[in-house]
Every structure is written in structure tokens, then in C-alpha cells.
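In full-length UniProt numbering, the protein residues as written are 1 to 476.
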């Protein structure tokens, strides 16, 4: 995101003869404002060296037709309202093929790829052309023979929409005529289903009031402590980030889920929380690091059972509409009750499960959405964007996840070995995203450069996973 003046210059484009495809959604306006400019990086690891000769044809014939927003710019109409305006996308302006020194080792190209991701994460997309770019990396790293990177502005849609768009470009590697399939979505269970309904309602009302009030305070006044995962510096969203990844077996995560009687999402989140506490504890084994830290856990608010086709998403009456349809939960990282608990994580993950379950069963997400809508109506989208910026800045980390296909995918006959994504431009020192693919879960970690140690953080999360798996397997 540039300065406010830069934003104003970009937004006050003269609306000449042209076609408005649709109004910009409120959330789209928040994410592309003077306070926020949030983008999504999607990275595909190719199993074979990348042949970029069909790039322009694929973009023209497959990518652009997915949604009119991919060939539109955001402008103000004569009444000051934000609209998507159709333009002619000059594809050559959107395709980047960086040149690295030739003949290096895959380990050396790992560093070049990391530096390149850090560079494009902080670069702003020009407002005078459609809000996306692609980057083709034609050098072998330790994990892939080449990489394709999509940079998409979050104003275009949320992770669900953008994943749906990406999948529209991909096919099943072994049999392109057969659609890709996805694991069944696992929804959280309702609170105390067998208990008295009046008691449930009273609990829900109390939790809703408590959670909404706390969320309001966190977004407005109460900041998390400054810790090893939160610098609290102004303008942290403009600082360089380091993006690193780790991969876990979904079968092992399901073992933890089954033994502990929690959802897969709760098991994953509990592992991340536990690993974060281990990192915050640092090298000290005789004292606990329980500073107050809050995670924003993003939720898809659609009532769906899986990804829909893009054609279905853009229908006016679709259940799984295109756009930004999500809410967030403020979840405090559970504290380590004792040094012994840092060696036996079962109780920790159960505490995390109870916290998340309670938050899900309150209606605070709904009331937060109503609050944002009220702010937009009476104070405008810029004021609402500043409120969201404060919400993000005052917390310590954001966690989001997506579900990927079960089968191997291919793009233009390039089999995809793995994929991951990262949300960038967020005013936080730590962002965590997760996506499943072919029986694996890839966790991507975005860390403020020279503040959070990415290798130590990865090691802490991997250690938490192994400890959790071992403890779960020991349960009779």
C-alpha cells in the first residue's frame, strides 16, 4: 500500500466512456483503501521445468474469462461510488519472468526464490490496470523444478473465490476429463447438543455479548503485548517479509483429531498455537512465556459443502457467491500452565479446542459484520478500513486455511507437486496460512524479516506437531 496521496491519485481516475461491470463490494473497498492494501500470493510448485510459451494464450482464453474483475480496474463513478470498470488488459504488463544467475545449486535458488517472494510481497499493484500479476520462476529449487506465482489483490475476492478461480485453470493430471475432488468439509459441532436448549441459548447469549465486547475493545483500544511474534511497530505492513513452508501428513493430523475428539481444524490450530508458545518461550526451559497474544482465525461464512464452479459462484442467487465472504474470531493463545505442560501438549490442545468451539458458537462474528456495515453506512468505507487495520494491528497473528484437491493437478501439462498461499500487506509480524493437497497439509509462514526467526519458528511448530502426535498415539 502506498501513501494516502498515492491512493487518492490512483482512485480519482476519470471515468470516460466505458462499462461498469459491477459495484465494488464493501469488503473490496476496505482491502483497497488508504488504510489497507492486502493481496494474496498463490504459489504452484511444478514437477517439471516450466515452458512459458503458452502463457499468453492461457491467460487470454482461460484466466481472463473466469471473472470480469480480472479485466477491470477500480474507479469512482460520478457519484463517488467505487465501481469495477472494464478495460483492455495488456497481458504483457502482468507477466513477469525474473532472471537469476545461471548454473547455481537448488539450495542457492531457494534463497533467490525467497528473496523474490519477499520483494513482490511488498510491491504494490498499479491501480491503473487490473489488480493481478503472475511471476514465472524457471529455476529449480529444492522443492520444485519451477514455480508459478499468482499475485491477486484481495479486493478481487477471498481465498475461497480465488482458489475456485485457480482451480478453473487446472485439471486432473492423470485424467483431465474427470473433475478434481476435495475432502469433505468438517464443520464444528454445536455446543452441548444433548444439554437443555434454554441453557444452550443462555450460554450463547452470554458468550456472544462477551466475545463481541472483547472484540470491540481489541479492535479499538487493547493491544497485544509486544513479544517475539509481535513487534508492534507502526507500518509493519510495509516491512520485508520472509515466506517459508512446512508440510505435514493429513493422516497423522487425523490421528490426533480422532484420539483427542476434536475437529481437524482445531487440531491444526492447536498445533500452531502450541508451536507458537514454544517459540515464544525461546531457549528457556525453566520459565514460561505467557504474554497476552491473540490470533485472528478467519472463517468462510458461506453455507457450502465444497468448491463450486466459477459459473455457479457468479450467479446472483448462488449460495457460494464470488467475493469476500468471511469473518474472523479473536482467539487468545492458551497459556502454558506449567513447564511440564510444554512437554505434554494434550491438555494444551484441549484448551485451544474449547476456546475455539466457544467462539464459534457465539454470534459475535455476525454482530462484528453488522458493526462494520454500520461504520460503512455512517462514516464511510475509509473509516471502516481503518477500524479493520486497527483490528489486525492490535492482534499478534492471523490464521487462515483452504482445502485443496485430493488428486494431483496439472496446469498446461505441468504436474503440480505442491501449492501454498500467503496473505501479504497485513499489519502484523506473523501470518500463517494452510492448504491441503494430495493427502498433505502445507503450512506457509509469513514473518517480519529480521524480527521473527523463520527457521526457529518452523522448528518450534514441527516440534509441537511431533510432540502432539506422540502424545496422541500414547492414548489408549
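Every residue, glycine too, gets a C-beta built ideally from N, C-alpha and C.
- The continuous alpha helix (DSSP H) containing residue 472 extends over residues 454-473.
- Rounded to whole angstroms, residue 419 and residue 32 show a C-alpha spacing of 26 Å.
- Relative to the Cα of residue 244, the nearest Cα in the group 72, 121 and 93 belongs to 121.
- Per DSSP, residue 291 is not a residue of any beta strand (DSSP E), being assigned neither H nor E.
- For residue 424, the three-state secondary structure derived from DSSP is strand.
- By the criterion of at least three beta-carbon pairs nearer than 8 Å, the region 52-68 is not in contact with the region 102-121.
- Where residue 390 is concerned, the enclosing alpha helix (DSSP H) starts and stops at 381-394.
- Between the C-alpha atoms of residue 23 and residue 337 there is a straight-line separation of about 50 Å.
- With respect to residue 242, residue 427 sits apart: the two C-beta atoms are not nearer than 8 Å.
- Following the DSSP letters along the chain, one finds residue 450 in no beta strand (DSSP E), marked with neither H nor E.
- Under the DSSP assignment, residue 257 falls in the alpha helix (DSSP H) whose first and last residues are 250-260.
- With respect to the 8 Å criterion, residue 396 and residue 277 are not classified as neighbours on the basis of their beta carbons.
- With respect to residue 352, residue 261 sits apart: the two C-beta atoms are not nearer than 8 Å.
- Distances from the CA of residue 127 to each of 87, 143, 112 and 163 were compared; the closest alpha carbon is that of 87.
- When the beta-carbon positions are compared, residue 246 and residue 448 stay at least 8 Å from each other.
- By the neighbour-count criterion, in which 16 or more other beta carbons inside 10 Å mark a residue as buried, residue 379 falls on the exposed side.
- According to the DSSP secondary-structure assignment, residue 136 is paired through a beta bridge with 148.
- Rounded to whole angstroms, the separation of the alpha carbons of residue 43 and residue 356 is 29 Å.
- Assignment of residue 77 by DSSP, reduced to helix, strand and coil, places it in the coil class.
- For residue 42, the enclosing beta strand (DSSP E) covers residues 39-46.
- Inter-residue distance for residue 228 and residue 371 is about 32 Å (C-alpha atoms, whole angstroms).
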